[in-house]
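First residue of the sequence shown? That's 2 in my numbering, and the numbers climb one at a time after it.
Built from N, CA and C at the ideal position, the CB exists for glycine as well.
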Amino acid sequence: MTTTLRDRTGEDLVDVHAHYAPPIPDDRRPAILAAHQRSNFLFPPASKWSPELAIEFMDANGIRAQLLSNPNQLTANSARRFNDFGAGVVTGRPDRFGLLANLPLTEPRAALSEIDRAADDLNADGFVLITNYDGRYLGDPAFDDVFSALNGRAATVFVHPVEPAGFPHLSCGRPGPVIEFPMDTARTIVDAVYARIFLRYPRISFIIAHAGGVLPVLATRIATTGMLGWVPNPNNVTADEVRAQLAGLYYDTALSAHANSLLPLLETTTASHIVFGSDYPPADESVIEINMQLLKATTVLDDNELSAMATTATALFPRLAAPAKATQGEPRSPDKPTLPNHDPR
2 MTTTLRDRTG EDLVDVHAHY APPIPDDRRP AILAAHQRSN FLFPPASKWS
52 PELAIEFMDA NGIRAQLLSN PNQLTANSAR RFNDFGAGVV TGRPDRFGLL
102 ANLPLTEPRA ALSEIDRAAD DLNADGFVLI TNYDGRYLGD PAFDDVFSAL
152 NGRAATVFVH PVEPAGFPHL SCGRPGPVIE FPMDTARTIV DAVYARIFLR
202 YPRISFIIAH AGGVLPVLAT RIATTGMLGW VPNPNNVTAD EVRAQLAGLY
252 YDTALSAHAN SLLPLLETTT ASHIVFGSDY PPADESVIEI NMQLLKATTV
302 LDDNELSAMA TTATALFPRL AAPAKATQGE PRSPDKPTLP NHDPR
């Protein structure tokens, strides 16, 4: 792959939407990969992931650094193991990788502890949440303490889709990324909008995967039909508040560089809230190549707006703002910016 955006952006890109996969033991590989495929998230390319392959991909595409995430519903113990692995990758190449730590939201106390551990001990650059946890979406009051803790740290949070409850009955027999992932993104953001999540926790910077999925297309419908008296709205969210909450989010370009995604997105927010994402490696390099070509050739965003993707990303992840100075194997600088301690009150 040789396509890059350097000629239009003027800066190397920071990829906010990239995934990692710990090595799979040979004796467990068939069963684990089969389970991942059944869940319609991790596809065979992810089984080949390594830091070296990721760097090779970045170098070929003009990407300076990736924010790594593994957006699955995990137990507390599994989240710790995944986060430890991801932190180790970042420690090995802090110039090329950042970590978005996974949180076990089905275990709220453990999630609060993992916020502190990931930020204070692992120096995570941010956090990843999935669209639903056993069918509970991000507007659920059960998650309020987690959002309060993230708000206290002014955290950057990446929201990534997973399959919804009842997936076999909704998917028309297609894998999640084809239809239901974009739908579930809209479900959880709309649920959070009605719960005023983005108004109640204004210090959190939220990045929404895949340009918000189908959310931008539905934004005006939510702000109009969604405000009618027969629509449940217990928090009395207004149409203006719907628009303001959606406009204040950040959105990545993974699998979404065509005008049919970007034009509705620009009706929802501004170009300054768009960041670059590749979805490497699950999206498959052939699909990523198409998306990169579309982004390179787009007339929806001009050169200045494309360039802003890099500066927007580094504002959200300031550790990655400076030109890379670290060498392979060099540990993180002890005086790097860290998120402030969470006030438990």
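Report the CB separation of residue i from residue j in whole angstroms; it is logged as a contact under 8 Å.
i, j, result
"D130", "V158", "Checking the displayed sequence, the identity of residue 130 turns out to be Leu instead of Asp. Confirmed, Cβ separation roughly 6 Å."
"D146", "P109", "6 Å"
"I205", "F148", "7 Å"
"G278", "H18", "3 Å"
"Y252", "A316", "Not confirmed; about 15 Å, so no contact."
"T76", "T132", "Rounded, the Cβ-Cβ distance is 18 Å, inconsistent with contact."
"L296", "T254", "6 Å"
"L256", "V288", "7 Å"
"F58", "N71", "That belief does not hold up - the Cβ atoms of F58 and N71 are roughly 17 Å apart, past 8 Å."
"Q74", "V163", "7 Å"
"P52", "G93", "6 Å"
I'd like the list of long-range same chain contacts for residue i, defined as Cβ closer than 7 Å, with 5 residues on each side in sequence excluded.
i, result
"G63", "T5, L6, R7, D13 and L14"
"G140", "D192, A193, Y195, A196 and I198"
"S262", "A212"
"L171", "P165 and E181"
Can you list, in chain order, the residues of its chain whose CB lies under 8 Å from that of residue i, leaving out five sequence neighbours each side?
i, result
"A325", "Caution is warranted here: a pLDDT of 46 is assigned to A325, below 50, making its placement in the model unreliable, and no coordinate value can be reported."
"D85", "L123"
"N236", "Y195, A196 and R197"
"C173", "I180"
"L264", "V301"
"V276", "V15, V17, I208, Y251, Y252, D253, T254, M310, T313, A314 and L317"
"R9", "K297, D304, L307 and S308"
"N234", "Y195, G227 and M228"
Give a yes or no on whether the minimum CB-CB distance between residue i and chain C is below 8 Å.
i, result
"E53", "You won't find chain C in this structure, because it holds only one protein chain."
Could you please give me the residues that DSSP links to residue i through a beta bridge?
i, result
"S206", "T157"
"V163", "Bridge partners of V163: none, in fact."
"L1", "Residue 1 lies beyond the range of the chain shown here (2 to 346); nothing can be said about it."
"I1", "Only positions 2 to 346 of the chain appear in the structure, and residue 1 is not among them; the question remains open."
"A19", "L69 and Y281"
"V276", "D253"
Going by beta carbon distance, what residues of the same chain come within less than 6 Å of residue i, once the five residues before and after it are set aside?
i, result
"L250", "F207 and I209"
"A112", "L104, P105, L106 and V147"
"A155", "R204"
"A166", "G136"
"L247", "A220 and T269"
"Y202", "F148 and N152"
"A88", "L100 and L123"
"S79", "none"
"A240", "A224 and M228"
"H259", "L295"
"A119", "N84, A102 and A125"
"D121", "none"
"W291", "Looking at the sequence provided, one finds Ile at residue 291 rather than Trp. Cβ neighbours of I291 beyond the five flanking positions: none."
State yes or no: is the C-beta of residue i nearer than 7 Å to some heavy atom of the ligand PLP?
i, result
"R7", "Ligands displayed in this structure: none; no statement on the ligand PLP is therefore possible."
task = Tell me, please, whether the stretch 84-100 touches the stretch 66-76 by the rule of three or more beta-carbon pairs shorter than 8 Å.
result = yes
inquiry  = Contact between the stretch 209-217 and the stretch 269-280 is defined here as three or more beta-carbon pairs at a separation below 8 Å; is this criterion met?
reply    = yes
message = With three or more C-beta pairs closer than 8 Å as the rule, is the stretch 280-294 touching the stretch 302-311?
response = no
Runs of beta strand (DSSP E) wholly within the stretch 60-138 (minimum 3 residues, chain order) = 64-70, 98-103 and 127-131
request  = Indicate whether the contact test is met: 3 or more Cβ pairs, each with one atom in the stretch 225-233 and one in the stretch 177-187, closer than 8 Å.
outcome  = no
request  = Output the residue ranges of the beta strand (DSSP E) runs that lie fully inside the stretch 222-263 and measure 3 residues or longer, sorted by chain position.
outcome  = 251-253
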